[in-house]
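Chains as they are written, first to last, in full-length UniProt numbering: chain A, 1 to 247; chain B, 1 to 473; chain C, 1 to 336.
Every residue gets a Cβ at the ideal spot worked out from N, C-alpha and C, and that includes glycine.
Just so it is clear, the structure is predicted and the values come from calculations on it, not from any experiment.
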Amino acid sequence: MIVAFFFYVFAAILLVSAAAVVSSRNPVHSVLFLILAFFNAAALFLIAGAEFLAMILLIVYVGAVAVLFLFVVMMLDVNFAELRGGFQRYLPIGATVGVVLLVELALVLGGWKFAPDAMSLRFAPVPEATHNTAALGDLIYTQYVFLFQAAGLVLLVAMIGAIVLTLRDRQTSRHQSIERQHARRPADTLAMVSVPLGVGMAEVSVPPPPAPPARRLAHADGHADGHADPHDAGAAHGGGHHDGGGH
Amino acid sequence: MNWTLALPEITLSILAMAILLFGVLRRGESFSVCSMLTLGALLIGAVLVIGQARGFAFNGQYVVDPFAVFAKLLILAGAALALVSAQDYNREEGLARFEYPVLMLLAVVGMLAMVSANNFMSLYLALELQSLALYVLAAFARDELRSAEAGLKYFVLGALASGLLLYGISLVYGFSGTFDFAALAHLLSDPSHASAGLIVGMVFVIAGLAFKISAVPFHMWTPDVYEGAPTPVTAFLGTAPKVAAIVLLLRVMFVPFGHLTSQWTQIFEFVSIASMILGSLAAIGQTSIKRLMAYSSIGHMGYALIGLTVGTVDGLRGVLIYMVTYVFMSAGTFACLIAMRRRGRALEKISDLAGLARTDGGMALALAIFMFSMAGIPPLSGFFGKLYVFLAAVRAGYWTLAIIGVLTSVVGAYYYLRVIKVMYFDDPAPAFDRRPVGLSFVLGVGAVVTTFFFVFPAPIVGAAQAAAAALFG
Amino acid sequence: MSGFLATPVGTVILTVAEALAIVVPVLLMMAYLTYAERKVLAAMQLRRGPNVVGPFGLWQPFADALKMLTKETVIPSGANRFLFFLAPMLTFGLAVIAWAVIPVNEGWAIANINVGVLYLFAISSLGVYGIIIAGWASNSKYAFLGALRSAAQMVSYEVSIGFVIVTVLLCVGSLNLTDVVLAQRHVWFCIPLFPMFIVFFISGLAETNRAPFDLAEGESEIVAGFMVEYSAMAFALFFLGEYTNMILISAMTTILFLGGWLSPIPFAPFTHLGPLWFILKVSVLLFCFFWVRATFPRYRYDQLMRLGWKVFLPLSLIWLVLTAGALELFGWLPHA
């Protein structure tokens, strides 16, 4: 009884938030509703006993994909009125396509009958005793390892593609070489000279610092020094009420 | 788990990643080195393909049969030729980045997996692997508007086609409960299981795959993408992926849907006729030779599809032979196109070829050979390609197809011959820049294969025969 | 009694009681965590820290809380009111609900679910929403910059945290937190998986936006970042959430690497003190949080990204492969 109750609660919220995703005026709200929808879908998975899928849905979609989505939507200045204009113009075509697909889907569901041997052709369902997660693992990494690896390659290509098409190596940008900074010793650049009183620079023989090894070392050091700032000013005040917060 | 069967794909993927790492970690220009390594990888792939055992792997998701081996070798050859012809062009145009060969290699992995796919899921993933790499390659000259546009257009339309394909696959799965080709074939051997939904699904699958071979109702992207993409990429697009897609189409039609021949024959009859007619008519008005090649490829796919429509072993053999001849003449033609540079700038107008016979006789001769061959003039290879498919059509009683094929060939001959006329009889334009060695090599290979195909067709015809017979089981 | 507890009403009451039994100590611990932090920092900087309110300043946390409660809540003009208030609640709520699966002792978890590790990972990966929503809803550029920094940072470090967790799971063969602890009876995972332990701890610092990864607040550049516009109770909720998250990450580290409630001294009286060991281990880790804060300057943004993607990610991947290889090679794979 409780399970049925929660099922309807989650399913109802899922549907409402899914509708809100498409209908809300503000794209940021849309994404937030999408996240809510994901949440409820995860809850439905939980009710169905697919705990692993539920958690993966949260981790992958809510924890990573939707964050980036939200990120982009917040950064972009999406002109929604304009989008809506296009939406209305293409509504008839879109609706037609949608209806056709819906009819076909209905056709499938209506005409869904397994051929007698179709059932036996499917891979054997998981025995009751096997753990949900283990069963999925067996399917993905053993039965369908070929497909899994192929999907991995597809993602690799997508990544290479994104980098190839967008990465511009600016020749002017200056990179920090952490290894070189670590390898640097005071003796390489500093010379201690005791200057007698009343004696000008000319009289003191300042040994020239050893030539900087290779490329613009001085520059890289500038980075390091600039950021070796004393730690949190906030921490120095004993009475602060928050670690970095409101002073 | 018989994973060693997939050794070519596995090895090539690992090599692709190794080359990628090498390119990333190596300072400075690494395009040439990575290209050489990729060529080596393709060679290793070919050796592994030849040595491949026959059979099924990964629970029947992957198959190796003579049919697949034949197609794989052709794909590897096409890719190698395309890569060789890309070398100097890319350096001149500032596209000499090591990702280029890596993406090509990954696309090749996708194509190899495509022709070995024996399950709708592996089909889809392999197809996406190949397509995604090709989308990126089409947009590789990212600072050039046309290339970026070509990439985007290809991507959006390709994604749409993938959507159709996926929807079709889901319908087929919904009505049959299986993704497996063999299981589907088994299921459909009883005609009562061929429900309407399953056939609708099959039509969607056909639509998705027809997009990949740019057959007529789904050809719109071809001219724009061919024109916009950097020419070496076009050369690649026009050869290996076409082979992979058509071979995949053959397998899908003959293995899982082999018992539904009566359902799909008419579709392909229409597609084939429409492609042949559009390919020959639309090419006439073109001034850009890249667009001309795009329409020409649409037409060629129409001819190849005759063999599929016929649906006999003869027809299949015809398609395979057609693809062999097509790959070599296309590779050669595109090598000529890539060589069309004057004072460091790439040209692509047909009129730029004016009087080529007097400025560069060798290239003019080679291009003439390719054009004659594409027009189907004996004794060049293109003639034999057409001959085998027409023969199969006539034998199986598809007179209409054969007649339309011959008629459109005659129309098509007009624009191929126009190119030859421009080269040999027009007043010469200034000479092209010196042709790099790689291009000469590709030109030479293409010309030799095209010209001397008739001397020893036996091995190729025999292999095609064996491959076709294997698909029929 | 047990009959009543089996009824639906009884179950609800029992669950609420269990939840309170864990949330109240956690909140108390959190309150004194702020006190401890200030004392520790003060000691490291040769100061005295809070010492006015109550003996040794022990009432300081309550004084602060009271102050927060009585302050005015300021809502910036142009802020999205609903989201503006949702954000701190989300932050605090997520920090608290994660405790549902933390086993303090054998069998002492509210929900001993099969996928406990994933649940924790999921909840901790949701923490970013509180920050990103706060940053956006405040309608302030500093807040927004802080939110963007934080979102990128948390997503980046989650990747290596994920791999570290997978490495641990490989050694355990179960996603259940109790099983994870019990698998460490012979040797705590911080010994064989020492590099992963370090990666996890540092990523935990980043995940909780603590120094030296507190770029989301970065008070010297973006004046407290995402929470610049918050005051009074809303601010207090962020504050609570952050410290509760610190305890949570320490508890996760304890469970995954330090053997949870297991006693380092393997004989009678000590082995019965599970929860105390647990608290002790968590406290040691929390001390390390403060220690790091007092010692290291803040990372620059590109350095942060470099560390996450170019150091931790490859390191954890390599270690994952090594671990899997070793387990397979020596036949140590646990059977679920």
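Inter-residue Cα distance where the pair is residue i and residue j
i                      : j        : result
B:Met340               : B:Ala467 : 38 Å
B:Asp427               : B:Gly361 : 14 Å
residue 515 of chain B : C:Val180 : As displayed, chain B neither begins before 1 nor continues past 473, which places residue 515 of chain B out of reach and without an answer.
residue 381 of chain C : C:Ser160 : The first residue shown for chain C is 1 and the last is 336, placing residue 381 of chain C beyond what the model contains.
B:Ile460               : B:Tyr322 : 11 Å
C:Met88                : C:Phe226 : The residue you asked about is not Met; residue 88 of chain C is Pro in the sequence shown. Straight-line Cα distance between these residues: approximately 11 Å.
B:Arg434               : B:Ala368 : 19 Å
B:Ala82                : B:Ile377 : 25 Å
C:Thr34                : C:Val96  : 17 Å
B:Val243               : B:Leu73  : 10 Å
C:Ala196               : C:Thr253 : Contrary to the premise, residue 196 of chain C reads as Met rather than Ala in this sequence. Looking at the two C-alpha atoms, the distance is approximately 11 Å.
B:Trp221               : B:Leu160 : 12 Å
A:Phe7                 : A:Arg174 : 56 Å
B:Asn118               : B:Leu337 : 37 Å
B:Phe441               : B:Leu164 : 40 Å
B:Tyr416               : B:Ala6   : 41 Å
A:Ala18                : A:Phe10  : 12 Å
B:Arg342               : B:Phe432 : 5 Å
Cβ-based neighbour list, residue i, same chain, cut-off 6 Å, excluding 5 preceding and 5 following
i        : result
C:Val53  : Trp59, Gln60 and Ala63
C:Phe92  : Leu237, Leu240 and Gly241
C:Gly49  : Arg38, Lys39 and Ala42
A:Ala224 : Confidence at A:Ala224 is low in this model, with a pLDDT of 41, below 50, so its placement is unreliable and the value that follows should be read with caution. The residues are Gln181.
B:His300 : Tyr326
Close-in-space but distant-in-sequence residues of the same chain around residue i (CB under 8 Å, 5 per side omitted)
i        : result
B:Val102 : Ala16, Ile19, Leu20, Gly23, Cys34 and Thr38
C:Leu175 : Asn114, Val115, Gly116, Val117, Leu118 and Leu169
C:Pro212 : Leu205, Val292, Arg293, Phe296, Pro297, Arg298 and Tyr299
B:Tyr135 : Gly151, Tyr154, Phe155 and Gly158
A:Phe45  : Glu51, Leu53, Ala54 and Leu57
Exposed unless 16 or more other CB atoms sit within 10 angstroms - verdict on residue i
i        : result
A:Ala48  : exposed
C:Gly331 : exposed
B:Gln52  : buried
C:Trp291 : exposed
B:Lys386 : buried
C:Ala6   : exposed
B:Gln61  : buried
B:Lys212 : buried
B:Trp399 : exposed
B:Ala107 : buried
B:Ile420 : buried
B:Ser280 : buried
B:Ala71  : buried
B:Pro230 : buried
A:Gly110 : exposed
Cβ shell of residue i (< 7 Å), same chain only, five flanking positions each side left out
i        : result
B:Thr234 : Tyr226, Lys290 and Phe334
B:Asn90  : Phe31, Ala96, Tyr100 and Pro232
C:Gly259 : Val181, Gln184 and Trp188
B:Phe268 : Leu305, Leu308 and Thr309
A:Ser30  : Val21 and Ser24
C:Tyr243 : Met30, Leu33 and Thr34
Counterpart residues of residue i in DSSP-defined beta bridges
i        : result
B:Phe56  : B:Val63
B:Arg341 : B:Ala346
B:Ser288 : B:Lys349
B:Asp180 : B:Asn119
Check: residue i C-beta below 7 Å from any heavy atom of the ligand NAD
i        : result
B:Thr287 : Among the components of this structure there are no ligands whatsoever, and the ligand NAD is therefore not found.
Any C-beta of chain A within less than 9 Å: which residues of the segment 141-166 of chain C qualify?
Phe144, Ala147, Leu148, Ala151, Ala152, Met154, Val155, Glu158, Val159 and Gly162
Can you list, in chain order, the residues of the segment 96-114 of chain B whose Cβ is nearer than 9 Å to any Cβ on chain A?
Arg97, Glu99, Tyr100, Val102, Leu103, Leu106, Ala107, Val109, Gly110 and Ala113
In chain order, what residues of the segment 5-26 of chain B put their CB closer than 9 Å to some CB of chain A?
Ala6, Glu9, Ile10, Ser13, Ala16, Met17 and Leu20
Using a Cβ-Cβ cut-off of less than 8 Å, give me the residues of the segment 49-79 of chain B that come near chain A, in sequence order.
Ala57, Phe58, Asn59, Gln61 and Tyr62
Check distances from the C-beta atoms of the segment 120-147 of chain B to those of chain A and list, in chain order, the residues that come in under 8 Å.
Going along the segment 120-147 of chain B in chain order, one finds Met121, Ser122, Leu125, Ala126, Glu128, Leu129, Leu132, Ala133, Tyr135, Val136, Ala139, Phe140 and Arg142 with a Cβ nearer than 8 Å to chain A.
Positions along the segment 134-168 of chain A whose CB lies within less than 8 Å of some CB in chain C
Flagged, chain order: Ala134.
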